[in-house]
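Mapping of the sequence shown onto the numbering used here: residues 101 to 321, in sequence order.
This report concerns only the one structure given below.
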Amino acid sequence: MNKFLSSLSLLVVACATTFSATAQEVKGDVKAGEKKIAMCIGCHGIKGYQASFPEVHKVPMISGQGAKYIVAALTAYKKGERKHPTMRGIVDNLSDQDMADVAVYYEAHGKVEGAPAPGKAAEGSARVAALLTKGTCVACHGDNFSKPIDPSYPKIAGQHSDYLFVALKSYKAEGQATWGRSNGIMGGIAKQFSNAELKELANYVSALPGELKTVPQAKFR
Numbered sequence: 101m102n103k104f105l106s107s108l109s110l111l112v113v114a115c116a117t118t119f120s121a122t123a124q125e126v127k128g129d130v131k132a133g134e135k136k137i138a139m140c141i142g143c144h145g146i147k148g149y150q151a152s153f154p155e156v157h158k159v160p161m162i163s164g165q166g167a168k169y170i171v172a173a174l175t176a177y178k179k180g181e182r183k184h185p186t187m188r189g190i191v192d193n194l195s196d197q198d199m200a201d202v203a204v205y206y207e208a209h210g211k212v213e214g215a216p217a218p219g220k221a222a223e224g225s226a227r228v229a230a231l232l233t234k235g236t237c238v239a240c241h242g243d244n245f246s247k248p249i250d251p252s253y254p255k256i257a258g259q260h261s262d263y264l265f266v267a268l269k270s271y272k273a274e275g276q277a278t279w280g281r282s283n284g285i286m287g288g289i290a291k292q293f294s295n296a297e298l299k300e301l302a303n304y305v306s307a308l309p310g311e312l313k314t315v316p317q318a319k320f321r
């Protein structure tokens, strides 16, 4: 276990350093991003909207998500590290500047000035606590799961449980042409758990207070 944690720490530092160096190259513009989200709002701008692949689940809330994580996720789709066909088709048409602009737009989208930040996550059952400890989840996502230790990691508190479950399972997928995610850190963590345990983790994190939301766009209100 100690060997795994040491390797995890090294991977975290290496990934964070590499991403930070890349992220500094392109600066996003909120106003420019607002003009580039037509391909996003059909799914992420409708409350309760569900995707049907690889199974039925709500699309993730991205308003309020960290910009650097959004760029990291979009880049992973573009590189083929995330294999969802719809997202890959969309991101293939985006430049690095486009991704940066869209990312800062959604980071600011729906934020309310003066709104209190989410507090520390409430403790779950002893079983959930044991699963969180086993996965060392707070090591990257923070104690309240809304303030990750590096901005290239996602806020996950309050995210849809069915989406979290599908995302976690996708890190266990290997050899799939159209779905799955390649990530050394998350793959190593997710493979420690059964799908039933991943569902428990997803349900717990989803019930936490967070900053993520779906803000309906004008055409869908």
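Think of the CB as a built atom: it goes at the ideal place given N, C-alpha and C, for glycine as much as any other residue.
| Check | Outcome |
| --- | --- |
| Cross-strand partners of Ala151 (DSSP beta bridge) | His157 |
| Environment of Thr278 [buried if 16+ CB atoms lie within 10 Å] | exposed |
| Best match in Ala239, His209, Cys237 for proximity to Ala145 [C-alpha to C-alpha] | Note on residue identity: the sequence assigns Gly, not Ala, to residue 145. Comparing Cα positions, the closest option is His209. |
| Endpoints, the alpha helix (DSSP H) within which Asp198 is located | 196-208 |
| Burial state of Arg227, where buried means 16 or more other Cβ atoms lie within 10 Å | exposed |
| Three CB pairs or more closer than 8 Å across the region 289-301 and the region 180-187 | no |
| Alpha helix (DSSP H) runs contained entirely in the region 281-305, provided each spans 4 or more residues | 284-290 |
| For Arg182: DSSP bridge partner residues | Arg281 |
| Contact check, Ala257 vs Pro309, beta carbons under 8 Å | yes |
| Local Cβ density within 10 Å of Ser270, reported as buried at 16 or more and exposed below that | buried |
| Alpha helix (DSSP H) runs contained entirely in the region 222-251, provided each spans 4 or more residues | 226-235, 238-241 |
| Cβ pair Glu207, Ala167 closer than 8 Å | yes |
| Beta-carbon proximity of His255 to Leu312, cut-off 8 Å | First, the amino acid is wrong: residue 255 is Lys here, not His. Yes. Within cutoff. |
| For Ser163, the first and last residue of its enclosing alpha helix (DSSP H) | Where Ser163 is concerned, there is no enclosing alpha helix (DSSP H), given that its DSSP letter is neither H nor E. |
| Straight-line Cα distance separating Gly242 from Asp196 | 28 Å |
| Coarse secondary structure for Lys211, derived from DSSP in three states | coil |
| Bridge-paired residues (DSSP) for Lys313 | Ser163 |
| Closest residue to Asn303 among Asn283, Gly275, Thr314, Leu231 (Cα-Cα distance) | Leu231 |
| Length of the line joining the Cα atoms of Lys131 and Phe245 | 29 Å |
| Contact check, Asp129 vs Val204, beta carbons under 8 Å | yes |
| Bounding residues of the alpha helix (DSSP H) (the contiguous stretch that carries Val266) | 261-270 |
| Burial state of Lys158 (16 or more Cβ within 10 Å) | buried |
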